[in-house]
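Student:
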Amino acid sequence: MKDENFYQKIKAIGWFQIIGGIVGLAFMVQLIAQLSTINGSEFLIVLTGLGLFSFSVYAGSLMVKKGNEKRAIILSIVNQSLQIFQFKILGFGLTYSTLLSFTIGYKPPEIEFHFDAFMLFSGTILSGDEFFIFINIIPVLICGVLLSLLDHLNSDIPEIDALEEVKSMNENLTNRL
Numbered sequence: 001m002k003d004e005n006f007y008q009k010i011k012a013i014g015w016f017q018i019i020g021g022i023v024g025l026a027f028m029v030q031l032i033a034q035l036s037t038i039n040g041s042e043f044l045i046v047l048t049g050l051g052l053f054s055f056s057v058y059a060g061s062l063m064v065k066k067g068n069e070k071r072a073i074i075l076s077i078v079n080q081s082l083q084i085f086q087f088k089i090l091g092f093g094l095t096y097s098t099l100l101s102f103t104i105g106y107k108p109p110e111i112e113f114h115f116d117a118f119m120l121f122s123g124t125i126l127s128g129d130e131f132f133i134f135i136n137i138i139p140v141l142i143c144g145v146l147l148s149l150l151d152h153l154n155s156d157i158p159e160i161d162a163l164e165e166v167k168s169m170n171e172n173l174t175n176r177l
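To convert, note that position 77 of the sequence shown is 77 in the numbering used here; the numbers rise steadily by one, no gaps.
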């Protein structure tokens, strides 16, 4: 049975995603305004940022509405999973995080820790030879909460034992004859 604590967690994560997505969209609009011209790779990066932050707002808005919790949780898990790994390898990279980011990772020659508030987005295509890989702990924790909420939601759905159902139907049929 879904209790008030269940809905509080759902709404908190939903608002976290909505606020982070709106701040990210505002950042992207400001970035677009500062660009005098946009080449193909810059356009792809801006489009990716707009898409990711829009998806965060969408997933968050589903979380704050009652009625379709399973879909909302699954989309939020996807949204949070996209924020776990941040990397740049061989000129290609993606760093995406909404609202909060606490990362642990490797940037040669050392292991680094970073905490960022509000949002973080960067995309690179064929840009330099820098290498780094980070794991964002915040979405890992949020995914853990979301998976427990999904498990709680799934445990509320009664399971149908197919074999027992067939036996019951067979007994009913036998009793009629």
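Cβ atoms here follow ideal geometry from the backbone N, Cα and C, with glycine treated the same way. The model shown is predicted, which means the values in this text are computed figures rather than measured ones.
To which residues does DSSP link glutamine 110 through a beta bridge?
Tutor: Numbered from its first residue, the sequence shown carries residue 110 at position 110. Residue identity differs from the one stated: residue 110 is glutamate in this sequence, not glutamine. Looking at the DSSP assignment, glutamate 110 forms a beta bridge with Lys107.
Student: Report yes if the CB atom of isoleucine 13 is closer than 8 Å to the CB atom of isoleucine 142, and no otherwise.
Tutor: Working through the sequence shown from its first residue, we reach residue 13 at position 13. Working through the sequence shown from its first residue, we reach residue 142 at position 142. Cβ distance < 8 Å, so isoleucine 13 and isoleucine 142 count as in contact.
Student: For isoleucine 84 versus valine 145, is the C-beta spacing smaller than 8 Å?
Tutor: Reading the sequence shown from its first residue, position 84 is the one you call residue 84. Reading the sequence shown from its first residue, position 145 is the one you call residue 145. No, they are not a contact pair.
Student: Just to confirm, are isoleucine 19 and leucine 99 a CB contact at a threshold of 8 Å?
Tutor: Walking along the sequence shown from the start, residue 19 turns up at place 19. Walking along the sequence shown from the start, residue 99 turns up at place 99. Closer than 8 Å, so yes.
Student: Take the Cβ of serine 148 as the centre, count every other Cβ of all protein chains shown within 10 Å, and call the residue buried at 16 or more, exposed below.
Tutor: As a first step, residue 148 is located in the sequence shown; it is residue number 148 there, counting from the start. Flag for serine 148 reads exposed.
Student: If you follow the beta strand (DSSP E) that phenylalanine 132 is in, where does it begin and where does it stop?
Tutor: For the purposes of this step, residue 132 is taken as residue 132 along the sequence shown, with counting starting at 1. From DSSP, the beta strand (DSSP E) with phenylalanine 132 extends over 132–136.
Student: What is the C-beta distance between arginine 71 and leucine 62, in whole angstroms, given that I count them as a contact (C-beta under 8 Å)?
Tutor: In the sequence shown, the residue the question calls residue 71 occupies position 71. In the sequence shown, the residue the question calls residue 62 occupies position 62. Rounded, the Cβ-Cβ distance is 6 Å, consistent with contact.
Student: At which residue ranges does the region 15–90 contain complete beta strand (DSSP E) runs of 3 or more residues, listed in the order of the chain?
Tutor: Qualifying beta strand (DSSP E) stretches, in chain order: 85–89.
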